[in-house]
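S.K.: At position 930 of the sequence shown (counting the first as 1) the number is 1704 in our numbering, and the numbers step up by one without a gap.
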Amino acid sequence: MLIERDSELETADRLLSRAAGGQGAVLLVEGPPGIGKTALLAEIRSRAAKGGFRLLAALGGELEQDVPFGMVRQLLEPPLRAAGPEVRADLLSGAASLATVVFGMDPGGEGGAGPGGVEHGLYWLCCNLADRPLLLSIDDAQWSDEASMRFISHLGRRLGDIPALLILASRSRRGGDDPIGRALTGLNPTLVELSPISDEAISRLVHAELGPDADDEFCRACARASGGNPFLLIEALTSLRDSGVRPQAAQARRVENLQPDTISRAVLTRLARLGPTAVRVARAVAVLGPAATPRRVAKLARLPVHEVAQLAEALAREAILEPGRPMRFIHPLVRTAVYRDSTEMLRAADHKRAALVLRDDGADPDELAAHLLLAEPEADQWVSQALRAAANGAMARNAPEPAVAFLNRALAEPVAPPQRLAVHAELGQALGMANRPEEAAVVLRQAIDLAPTSQGRVELAMQLGWLMLHTGRSRAAVEAMELARLSINGDHLELPLQLQAALAMVDIITIKPPKTWTARLDPLVPSLSGERDVERLILSVVAFGAAVSGDRPAAEAARLARRSAAGPLLFRDRWILINMASAALAVADHLPESLELLDRGIDDAGRLGNAAEFRYLAVLRSHTAFYAGNLIDAEGDGRAALELQEDTRPQDLPLAAAVLVDALVARGAIEEAQRVVTDNHLDDDQSMTTLIAHFVLLARGRLRLAQGRYAEAAADLRECGRMLTEGGYGNPNFAHWRTAAALAHQALGQTTLAAELAAEDLELSRRFGATSAVARALRVGALIEPGRHALTELEEAASLLDGSPAVLERAHALVDHGAALRRAGYRTGAVAPLRQGLDLADRCAATPLAARAREELTAAGARPRRARLTGREALTTGELRVARLARRGATNREIAQGLFVSMRTVEIHLTSTYRKLAISNRQQLGDALPEEPEGDSG
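1. What does DSSP give as the partner residues of A831 in its beta bridges?
2. Between E1741 and G868, is the Cβ-Cβ spacing less than 8 Å?
3. Since A943 is in the beta strand (DSSP E), which residue starts that stretch and which ends it?
4. Whole angstroms is fine: what's the gap from Q1697's alpha carbon to R1661's?
5. Quick check: the region 1583-1597 against the region 1607-1622, are at least 3 beta-carbon pairs closer than 8 Å?
6. Of the residues P1287, E1256, I1285, T1284, which one's Cα is nearest the Cα of Q1274?
7. Write down every uninterrupted run of the alpha helix (DSSP H) in the region 1271-1321 whose length is 4 residues or greater and which is fully enclosed by it, in chain order.
8. Can you give me the Cβ contacts of S791 inside the same chain, cut-off strictly under 7 Å, excluding the 5 residues immediately before and after it?
9. So, at 8 Å on beta carbons, what are the nonlocal neighbours of V1197 in its own chain, with the 5 sequence-adjacent residues on each side left out?
10. For V1716, write down the residues that DSSP places opposite it in a beta bridge.
11. Looking at the secondary structure, which residues open and close the beta strand (DSSP E) in which E967 lies?
12. Strictly by DSSP, which residues pair up with L1095?
13. For G1561, does the three-state DSSP call read helix, strand or coil?
14. Which residue from E1530, L1343, I912 puts its Cα closest to that of E1559?
15. Express the C-alpha separation of S922 and G1098 in angstroms, rounding to a whole number.
16. Please tell me whether D905 and M1677 are closer than 8 Å, where the distance is taken between their beta carbons.
17. Whose CA, out of A1329, M1279, P1270, lies closest to the CA of M1242?
18. The alpha helix (DSSP H) spanning Y1401 covers which residue range?
19. Under the rule that 16 or more other beta-carbon atoms within 10 Å means buried, what is L1267, buried or exposed?
20. Pull the bridge partners of G805 from the DSSP assignment, please.
21. Of the residues A1024, A1549, E1534, R1413, which one's Cα is nearest the Cα of T1651?
22. Taking all protein chains shown into account, do 16 or more other C-beta atoms lie within 10 angstroms of the C-beta of K824, making it buried, or fewer, making it exposed?
23. What's the gap between the Cα of A1171 and the Cα of E1141?
24. In three-state DSSP terms, what is D961?
25. Where does A786 land, buried or exposed, given buried means 16+ other C-beta within 10 angstroms?
26. With H, G and I counted as helix, E and B as strand and the rest as coil, what does DSSP make of H1266?
27. Considering Cα atoms alone, identify which of L1077, L850, L1369, V1439 is closest to R1054.
28. From the DSSP output, in three-state form, read off H1364 for me.
29. Among the residues of its own chain, which have a CB less than 6 Å from the CB of A1160, if the five just before and after it don't count?
30. For E884, count neighbouring Cβ atoms within 10 angstroms of its own Cβ and tell me buried if that reaches 16, exposed if not.
31. Going by Cα to Cα distance, which pick from A793, R1346, R1640, A1235 is closest to L1311?
32. Between the region 1469-1476 and the region 1430-1448, are three or more C-beta pairs nearer than 8 Å?
33. Does L1643 come out as helix, strand or coil in the three-state DSSP assignment?
34. Using a Cβ-Cβ cut-off of 8 Å (strictly less than) and excluding sequence neighbours within five positions of R819, which residues of its own chain qualify?
35. How far does the alpha helix (DSSP H) with T1687 in it reach, from first residue to last?
36. For the region 1177-1249, list the beta strand (DSSP E) runs that are entirely contained and at least 3 residues long, ordered along the chain.
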């Protein structure tokens, strides 16, 4: 019954109209139990159906809270089950295939969804279902499981671009620190708070239920007693009518004595009138919750199915159960009254029997587990087995929180001693996935103590170590890996390859000298075929060590990196291999190969919905693109990494900000670069104890150099150098701190110190053999000491970089050489390198460098061409990124899935791109936006 909800329906109609037009929204309906939320949702669904919407609905229940993605399955499984094979395959195509694990379907293909991948897949399933407008409604959302709420948050942030209205109906909440509040943080949903109905409406209901002669004072008493709550009012009037109370003023006191517990008694009185077998059926339905079917209820109530069907009809006539299927109560308050009309011990026993009924009926393990959580431990092995199966299923769906609950309950059963170790290990993994590393560490250390063999202790200690690494706890990772090492007798050659790789990663993250790990790993290299993932991981680590130390030739580092990357990259820690190998290739001046490897990793991350991996690899690609002179790409990847807040590791945020600052400074956006530094707290005095800290110091130093804050720039850059030098990271081409610091010291008038830094950089660069590093050192040395050898050194720098993929450094070398020639009086000879440098600077989008080249050309008496304001140079980083993918044949949907953006965003970028390129469709992108050659001969 819907009473006095016209304004709320007007709000819903407005949002439905927006959704039908392609602009989705979130509506939150709140109010106390019985206020009419369910009735309002029913009316909205009716209106949506008339408007051609596809209706998807879910109903929360107390038992649903422990079933991972239980609410999502209610919402999205019906259309999948109803579809034929071909339609189902279309619905689950592309990124949506990552959601199949939620529905117990085989995803096919290789690899599994990464962190956030399931939510990514569910979002695209919703997009695929939106061939017509969608209405997704969740009633009693306060009982949603955490995994479903995580998806609701993910979906809500992306609803603006799909034709869908998401409605959550929830009991009134106190504050925002609850599952719904956390899910809706930052979404700004439309809020409808249902108010009590008016005294006039109450009077009409009293007259309708108890007769037209109802007294006004009696009606007012009903209003006071019910508080304007429609459900409580109807229940009270039913109780009064059954008791023969006349609606007269003399009976007002009886009305005012009605309380919520009186309503419970009224429900139980009506139930008792139907007899003990009806009570058994109602209690069975209350215990089974959403799993209640006539057959299951019959088994739990120990009654024939046909008798259960008859009693269900009688319970519906007494307004206890809803008529028909599914078997459920007319209101959660009625279910609560029936459920609580027995002792806690009896309810626990009923839940144990319900789990048995479900087990025998072939129900999913998580349905059993929801009941077993409420049952008393009785040392039944089938219970612990069912709970472990449910936990494994939850973990497969990336829903670790329920897995933690299931495994803790399994330990309380308790499990048999042989399985106790395995359960501890599984619980540790689940806690790690749930981002509860401290608790995970405690559990895994308990597992290590339980392990009867050295091999078992090593494997568990490694699991703990990797967890600490992934959560940014380097000191704890060191302790865990050391524990693993001490669990093995013998020298380091006998350590398992997995432990060798893990120990090396700890050394790298904590800035141990590369020789620390290469001394352990070098003897292994000849025996590594590269056929196993761990072998290739070790090869990549050795390549990285060779590159960053500068102790071995660049060619050797590149060769090792290529060996490591020669194969599929589908194992869990592939991002480490890609990181190590791409860095080694970049440091060795093989920038195109490095970018190609990063492209592979980013494509896989997008396909698997792994937002954290996508962000981290986008940061690395931004860094590499910066040195390759692809500043628009560098800025685009930096922005994408910084904007992708969901499902990513917070410790990667400073890294993302740092690479964006580098790109912005090179493009001349100094003020924006400073805002990025400030907004992301890169100016804070923070502990710089990990390798990635050098990114922050280097980027901040370059920014301060561009701002003319030379003393601060020198301090940042020298601190970066101290950290890397003490750590054994001596290769100038890994971090160009010396040349940047030299320029800062020169600006401060400290020419001798500046020259010493440039000379040291040149010596180290020649030893390693990366051309771009040698050229950079020559160029900076010539700028610091512009004597008679300066022109020769600048000419050599430009010559060395002829055809080099380090396009930005080549542009600098050409412009500096041309400027030096012009200052030396060789105005005619200055024009050619200045024109080449200008062309390259424009291609790189290095605005300050291009402006300087134009000034020098003018000073040399030449006429520089004007900057292009249309074409590729006019595209934003986001537009260029989307346009390149479209040019390669990707559909809008594929682009959106791979970049973690909406299809509407892709459409907006492409429309703007067509306008700027003066074309009309994507088929023309090939001519308007040709592939750029690697390197450039000028």
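Beta carbons are placed, not taken as given, at the ideal position from N, Cα and C, and that holds for glycine. These figures come from a predicted structure and were not determined experimentally.
M.R.: Based on what the coordinates show:
1. Under DSSP, A831 forms a beta bridge with S911.
2. The chain is shown only over 775 to 1712; residue 1741 falls outside these bounds and no answer can be derived.
3. In this chain, the beta strand (DSSP E) harbouring A943 covers 938-945.
4. 7 Å
5. yes
6. E1256
7. 1271-1283, 1288-1295
8. none
9. S1158, R1162, L1181, A1184, L1185, V1189
10. Residue 1716 is absent from the model: the chain starts at 775 and stops at 1712.
11. Note, E967: beta strand (DSSP E), 964-967.
12. F1103
13. coil
14. E1530
15. 28 Å
16. no
17. M1279
18. 1385-1402
19. Annotation note: pLDDT 43 at L1267 (below 50); position unreliable, no value reported.
20. R945
21. R1413
22. exposed
23. Checking the displayed sequence, the identity of residue 1171 turns out to be Arg instead of Ala. One alpha carbon belongs to R1171, the other to E1141, and they sit about 15 Å apart.
24. What sits at residue 961 in the sequence shown is Leu, not Asp. L961 falls in the coil class under three-state DSSP.
25. buried
26. Because H1266 carries a pLDDT of 47, less than 50, the predicted location of this residue cannot be relied on, and the following value inherits that uncertainty. Here H1266 sits in helix by DSSP.
27. L1077
28. Reduced to three states, the DSSP call for H1364 is coil.
29. Closer than 6 Å at Cβ, skipping near neighbours: P1139, L1142.
30. Caution applies to E884, whose pLDDT of 49 falls short of 50 and renders its modelled position unreliable; the model cannot decide the point.
31. R1346
32. yes
33. Note that L1643 has pLDDT 49, beneath the 50 cutoff, so the model's placement of it is unreliable and the number below is only indicative. Coil, per DSSP.
34. L829, A831, L909, S911
35. 1677-1691
36. none
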